[in-house]
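Counting from 314, one number per residue, gives the positions in the sequence shown under our numbering.
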Amino acid sequence: MNYKIVGYYLGHILRLMTAFLLLPIIVAICYGEFSLILSFLAAAAVYFALGCVLISFHKEKTRKLGNKEALVVVGLAWIVISLIGALPFTLSGTIASYIDAFFETVSGFTTTGATILTHIDDLPRSMLFWRSFTHWLGGMGILVFILAIMPGTDGSTFALFKFESPGPQVGKLTSKVRWTATILYIIYLCFTLTEILILAIYGACSGKIDFFDSLLIGLSTAGTGGFAPSVHSIGKYDSLFVEIVVMAFMFLFSINFNLYYLVILRHFKVVFGNEELRFYLIYIILAIVAVTAGNVGYFGSVLSSLRYSSFAVLTIVSSTGFASYDFTLWSSFSQIILLCCMFIGSMAGSTGGGFKMSRFIILNKSIHAHFLNVLRPNSIQIVKLNGKALNKDEVSSVEKYFAVFAGIVAISTLFLALNGTDLFTTFTCTLTCINNMGPGFTALTGPSGSFAIFEWYEKLWLSIVMLIGRLEIFPVLLLFLPQTWKKNF
């Protein structure tokens, strides 16, 4: 382990985080919340000072990152960024407990959207902005943005890019990682601004939603996070148009961003031939049809059922976590379908969470290949994705990921159950945190509830689970492995 190179990259990341806190300061000035400016300045000062200290230890000319160092940088960066990012909430008195503030901040950066707050509508606007802005930063990846402007060799930065980006397979859009990160963020920014603009124009004409709410909804949708400026989430606006716009962008942000780049290059055949995209579309349509059918009796009409069921499916599939209706009141059949959607999640390379559709496809093909091998032991079964054969290591990594994923869910469910919480609540809360989805599936933690019911140590545990889910398990877990920190291992 090269501690100095880890400190060098971590220091640069923390120093650059300072700039992001200028935006909530501007919001505080615009809305006359001058007493809150000091809270953001204090967090910015901590980011900058700690970053400078870490960089000062690195005197070598080489800046080459190995795989081990890159994993440590990614894991530590997200933890430290969240620890400092929680300071504005506690220093301002918006959230009294630091553990609660840390939970809320981790939920923001990991784009989970689970909250411990019960009076969101009463929060200062600068704090509401910071809360939603953490979604936007975490959606595409904090490090992905920083890679676009950070000095360093391209080979080193690709290691960071690979370990932060969601999905089993990560590739560069161009020969340079910096250009890849820039392209991804330009697409991300364009989508975000488009949604904000559409909602703001509609709000100016209808009076249903103001510009500030449009801004926050746009930031949260982009990160597929789900923090809304009201405890009633999207249901606050009681507008079919707002729901349609949010649904459309939740879907767009849950698509692999590499496909958008291919669309720009007019490689339409490759895009429409993408196997993951085809399965993703089919699975969304089937889920909407199933949940709509299951809710017709509850709503009394097909159109009403289609409206609210479609929103629920898309918000869970994309792992956004917005709510237009409390789905915990629906039938068990509808909730089970939504639970399946929560597990699978969105596409790899998107801002969405979940197990990922590509992994789900590979896992199913691997199981099918195993069955064929049982029938014909001497046959050679090849697992393919998008017409390309996957090697044994790629297939094995998905199987191992699933095994570790299932193990973490089981351990976390048992841990939360120690306090007497019922099994379904503990299981769905674990699943929603590791998949970065948002609300749970019971009245206590669902769209009308919050995670405030948990004890401080349970909130801390769930914060770690959210980080594990966002960084896809290994960058966080490897921090606890002794061999990671040995110099000669």
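Positions of the beta carbon are idealized from the N, C-alpha and C atoms, including for glycine.
All figures in this text were calculated on a predicted structure; none of them were measured in a lab.
For residue i and residue j, I'd like the C-alpha separation in whole angstroms.
i, j, result
"Leu-794", "Gly-345", "48 Å"
"Thr-403", "Phe-764", "18 Å"
"Lys-549", "Glu-768", "29 Å"
"Ser-645", "Ala-600", "14 Å"
"Ala-355", "Gly-364", "14 Å"
"Ile-777", "Ser-420", "10 Å"
"Cys-653", "Phe-370", "48 Å"
"Arg-672", "Ala-661", "8 Å"
"Phe-361", "Leu-335", "13 Å"
"Leu-590", "Ser-410", "43 Å"
"Tyr-574", "Leu-731", "48 Å"
"Ile-674", "Val-717", "18 Å"
"Glu-508", "Val-555", "10 Å"
"Ser-725", "Thr-447", "25 Å"
"Ser-710", "Leu-784", "15 Å"
"Leu-396", "Gln-796", "25 Å"
"Cys-343", "Ile-595", "45 Å"
"Lys-381", "Lys-701", "29 Å"
"Ile-557", "Ile-500", "21 Å"
"Thr-466", "His-325", "Any answer about Thr-466 is weak, because its pLDDT of 47 lies below 50 and its placement is not dependable; what the coordinates show is given next. Thr-466 and His-325: Cα-Cα distance of roughly 14 Å."
"Ile-597", "Ile-408", "37 Å"
"Phe-416", "Leu-773", "7 Å"
"Val-789", "Phe-624", "32 Å"
So what does residue i bridge to, in DSSP terms?
i, result
"Leu-698", "Lys-701"
Return helix, strand or coil for residue i, following the three-state DSSP convention.
i, result
"Asn-587", "coil"
"Met-560", "helix"
"Ser-647", "helix"
"Lys-800", "coil"
"Thr-495", "helix"
"Leu-731", "coil"
"Gly-531", "helix"
"Pro-788", "helix"
"Val-544", "coil"
"Ala-332", "helix"
"Glu-417", "helix"
"Tyr-344", "coil"
"Cys-608", "Contrary to the premise, residue 608 reads as Asn rather than Cys in this sequence. Note: Asn-608 maps to helix in three-state DSSP."
Take the Cβ of residue i as the centre, count every other Cβ of all protein chains shown within 10 Å, and call the residue buried at 16 or more, exposed below.
i, result
"Pro-752", "buried"
"Ile-568", "buried"
"Val-366", "exposed"
"Ala-719", "exposed"
"Leu-441", "buried"
"Phe-585", "exposed"
"Ala-494", "buried"
"Lys-713", "exposed"
"Ile-522", "buried"
"Pro-437", "buried"
"Gly-520", "exposed"
"Asp-435", "exposed"
"Leu-780", "buried"
"Phe-581", "exposed"
"Tyr-321", "buried"
"Ala-517", "exposed"
"His-681", "exposed"
"Ile-339", "exposed"
"Asp-735", "exposed"
"Lys-705", "exposed"
"Leu-506", "exposed"
"Arg-620", "buried"
Can you check whether the CB of residue j is closer than 8 Å to the CB of residue i?
i, j, result
"Leu-757", "Thr-738", "yes"
"Ser-618", "Thr-605", "yes"
"Phe-570", "Leu-642", "no"
"Val-696", "Leu-703", "yes"
"Gly-634", "Gly-531", "no"
"Phe-564", "Leu-512", "no"
"Gly-665", "Gly-782", "no"
"Phe-388", "Gly-452", "Checking the sequence, you will find Gly at residue 388 rather than Phe. For Gly-388 and Gly-452, no; Cβs fall outside 8 Å."
"Phe-347", "Ala-341", "yes"
"Val-385", "Val-319", "yes"
"Ala-390", "Leu-323", "yes"
"Pro-337", "Ile-433", "no"
"Ser-659", "Lys-669", "yes"
"Gly-426", "Phe-540", "yes"
"Leu-727", "Cys-742", "no"
"Val-559", "Ile-547", "yes"
"Ser-552", "Asn-608", "no"
"Lys-799", "Met-314", "yes"
"Thr-418", "Asn-749", "no"
"Asp-413", "Ile-429", "yes"
"Pro-760", "Ala-636", "yes"
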